[in-house]
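Visitor: Quick one: the structure is below, and I'll ask about it shortly.
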Amino acid sequence: MAAQTTASCAFVAAAAPARPRAAAARAAPGVVCSAQRGEAAPTRRQALQLATGLAVVPLLAGSAQAAKGPKGFVPLRDSQDGYSFLYPFGWQEVSVDGQDVVYKDVIEPLESVSVSLVATEKTDVTEFGDAKEVAFTLADKVLTAPNQEVKLVGVNERTNDGRKYIDFEFTAKNSVYTRHALASVTVGNGKFYTLVTGSNERRWNRMQDKVKIVVQSFTVDDRFDL
Numbered sequence: 001m002a003a004q005t006t007a008s009c010a011f012v013a014a015a016a017p018a019r020p021r022a023a024a025a026r027a028a029p030g031v032v033c034s035a036q037r038g039e040a041a042p043t044r045r046q047a048l049q050l051a052t053g054l055a056v057v058p059l060l061a062g063s064a065q066a067a068k069g070p071k072g073f074v075p076l077r078d079s080q081d082g083y084s085f086l087y088p089f090g091w092q093e094v095s096v097d098g099q100d101v102v103y104k105d106v107i108e109p110l111e112s113v114s115v116s117l118v119a120t121e122k123t124d125v126t127e128f129g130d131a132k133e134v135a136f137t138l139a140d141k142v143l144t145a146p147n148q149e150v151k152l153v154g155v156n157e158r159t160n161d162g163r164k165y166i167d168f169e170f171t172a173k174n175s176v177y178t179r180h181a182l183a184s185v186t187v188g189n190g191k192f193y194t195l196v197t198g199s200n201e202r203r204w205n206r207m208q209d210k211v212k213i214v215v216q217s218f219t220v221d222d223r224f225d226l
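Reminder that position 31 of the sequence shown reads as 31 in the UniProt record's numbering, one-by-one numbering, no gaps.
Printed below as a string of structure tokens:
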């Protein structure tokens, strides 16, 4: 059983989006590059909207689903890839290689949320192995740089509309800062979904309630298929 779990975790690490070259500011899930000065280039989602008119944008404030979100948060639904989540009002969308979407605070760049997608033949996140093993492998091998000290704080499994999720909390420390992060992973629509959010450790007491809402709001739904 242990060998099977290790193999499953290795598959998760191998299947995750590759880290960018050193020239980029770590486009690994959850740690996004700093905002560029001047006029920003259109993000992937904005370009997609212009090209196809797909509804890959935050829901209108007056919509029924938006009304369900807590005050101070913006609901986002990607009807092409089938996921949705809430993010704090004021965070801006930025384009990061390897990520399907990224929103961040331009003043505090470690305060962000990102979603990445990887094709998979699995149909349930539990097929990758024990939840703690999967969480630690992702946190240590995929979601952080090799030179960071990673500590897994906690792991939780939840089910939403029959779909299983692994939610976990971890810290990643380097010589400059410590990032406190929350992540949620699941499988659906032939994809392995990873949402990561968090903040600088020095602002964790102020931000933890907000980012917990972000990760708990993350859902994937087959009904979004086009």
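Positions of the beta carbon are idealized from the N, C-alpha and C atoms, including for glycine.
If we ignore side chains and look at the alpha-carbon of each, how far apart do A67 and F73 end up?
Guide: Annotation note: pLDDT 43 at A67 (below 50); position unreliable, coordinate value reported separately. Cα-Cα distance, rounded: 10 Å.
Visitor: So what's L182 in DSSP terms, helix, strand or just coil?
Guide: Three-state DSSP puts L182 in a strand.
Visitor: Count Cβ pairs between the segment 179-190 and the segment 149-167 that sit closer than 8 Å; are there 3 or more?
Guide: yes
Visitor: Hey, out of L76, S116, E108, R77, whose CA is closest to F192's CA?
Guide: S116
Visitor: Less than 8 Å between the beta carbons of V220 and T120, yes or no?
Guide: no
Visitor: Among S79, S114, R77, which has the Cα closest to the Cα of residue 227?
Guide: What the structure shows of the chain is the stretch from 1 to 226, and residue 227 is not part of that stretch, so it cannot be assessed.
Visitor: Is it the case that the Cβ atoms of V155 and A172 are separated by a distance below 8 Å?
Guide: no
Visitor: Could you give the DSSP three-state label for I166: helix, strand or coil?
Guide: strand
Visitor: Could you tell me which uninterrupted beta strand (DSSP E) segments, each at least 3 residues in length, are contained entirely in the segment 91-151, listed from first to last along the chain?
Guide: 92-94, 101-104, 112-119
Visitor: So what does DSSP say about V214, is it helix, strand or coil?
Guide: helix
Visitor: I'd like to check one pair, M207 with S217: are the Cβ atoms closer than 8 Å?
Guide: no
Visitor: Hey, out of G69, V125, Y87, E111, whose CA is closest to T194's CA?
Guide: For the residues G69, V125, Y87, E111, the minimum Cα distance to T194 belongs to V125.
Visitor: Compare the C-alpha of V102 against each of D78, T123, N189 and name the closest.
Guide: D78
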